[in-house]
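Reviewing the structure listed below.
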Amino acid sequence: MRTEKGLVDRKGQNICKFPGEKTNKPKKNRKRNKKSPSVVQKLFETCQEVFATGGAGVVPSPEDVERLRSVLDSMKPEDVGLTEDMACFQMIDRETTPPIIYLHLYECNRFSIGIFCLPQSGVIPLHNHPGMTVFSKLLFGSMHIKSYDWVTDVSDNGKENLNPSPYQSPGKGFRLAKTKNDSVFTAQSNTSILYPAAGGNMHCFTAVTPCAVLDVLGPPYSDDCTYYRDFPYASLSGDAGLEPEGGRAAYSWLEEREKPEDFVVLGAMYKGPKIVEK
């Protein structure tokens with residue numbers, strides 16, 4: 001999901017107040033902290049190595065994927081200075097879709113690190129990640145994730161990658177996709193990973209409870225993000241006799257759309273442990 005730069009105030013809106021941000025620590029404590037790099041610093045340095053030769057469509061090696069996943073799996077809210085009682089996780093107006101708060105940690109031309117803070121019922125609508133490998137770790141709370149991969153071709157008997165004729169698009173702008181995930185994730189869940197052409201490259205986040213998700217993207221978002229509406233396969237397919245492999249419930253038609261008007265992302269200054277470039 002691309003964050004609109006015009007909405008991100010990296011100079012610091014006080015939307016998320018971090019614990020102890022006005023507290024002046026003794027100099028000796030600051031000196032001692034430098035001896036042990038923060039978990040955020042470890043994450044940053046791992047990303048530097050994993051995405052050293054990154055670019056659009058470039059997927060890290062399986063070993064590097066697991067190395068970065070391992071770091072993310074170990075991360076907790078306190079590692080980035082978050083607590084569940086912060087204002088950015090509270091729903092102010094229950095009559096409207098709550099805004100999403102984005103905390104920017106780091107970005108270069110090879111990767112980015114950021115945190116999305118969602119109040120209960122907050123939604124990041126269905127969108128794609130063209131050419132990217134994306135790691136998402138839920139730090140706390142519970143979140144429903146619905147994700148899809150494109151079906152390139154299917155055959156008369158439902159086998160993919162053969163003759164697509166029985167499953168022609170129901171209209172211009174529609175394309176067949178297969179469900180990758182449709183479940184609720186919690187902080188105990190492992191980091192989810194999607195790839196440029198697999199793993200659920202189109203996904204939607206819905207906050208079941210207030211939650212925070214840490215995202216690592218390689219490379220960072222560009223301007224070619226696309227949003228979609230999804231429709232159950234059966235609702236737009238006229239021939240009920242055609243049954244795709246895995247059942248019709250496993251497939252949906254996706255239609256391209258404009259960015260939803262009620263989807264608002266506001267920026268707040270990240271005030272957790274700092275990242276030091278070496």
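1 is the number of the first residue of the sequence shown in full-length UniProt numbering; add one for each residue after it.
We treat Cβ as the ideally placed atom computed from N, Cα and C, and that holds for glycine.
- In the DSSP secondary-structure assignment, residue 215 is bridged to 114, 136.
- Between residue 143 and residue 205, the C-beta gap is smaller than 9 Å, which places the two residues in contact.
- For residue 191, no beta strand (DSSP E) run applies, since DSSP gives it neither H nor E.
- Annotation for residue 42: the continuous alpha helix (DSSP H) segment containing it runs 39-50.
- Between residue 275 and residue 44, the beta carbon gap of about 5 Å places them in contact (Cβ cut-off 8 Å).
- Cβ-Cβ distances below 8 Å link residue 57 to 131, 196 in the same chain, with the five nearest sequence neighbours on each side left out; the list follows chain order.
- In the structure shown, the three-state DSSP call for residue 177 is strand.
- Each of 267, 192, 207 was checked against the Cα of residue 70, and the nearest Cα belongs to 192.
- DSSP places residue 263 in the coil class of the three-state scheme, outside both helix and strand.
- A contact is defined here as three or more CB-CB pairs under 8 Å, and the stretch 255-263 fails this definition with respect to the stretch 179-188.
- Listed in chain order, the non-local C-beta contacts of residue 55 below 7 Å within the same chain comprise 219, local neighbours out to five positions each way being set aside.
- Check the Cα spacing between residue 137 and each of 259, 115, 233, 49: the tightest is with 115.
- According to the DSSP assignment, residue 71 belongs to the alpha helix (DSSP H) that extends over 62-73.
- With a threshold of 16 other beta carbon atoms within 10 Å, residue 112 meets it and is buried.
- Contact check for residue 201 against residue 148 passes: the beta carbons are separated by less than 9 Å.
- Going by C-alpha positions, residue 253 is about 20 Å away from residue 194.
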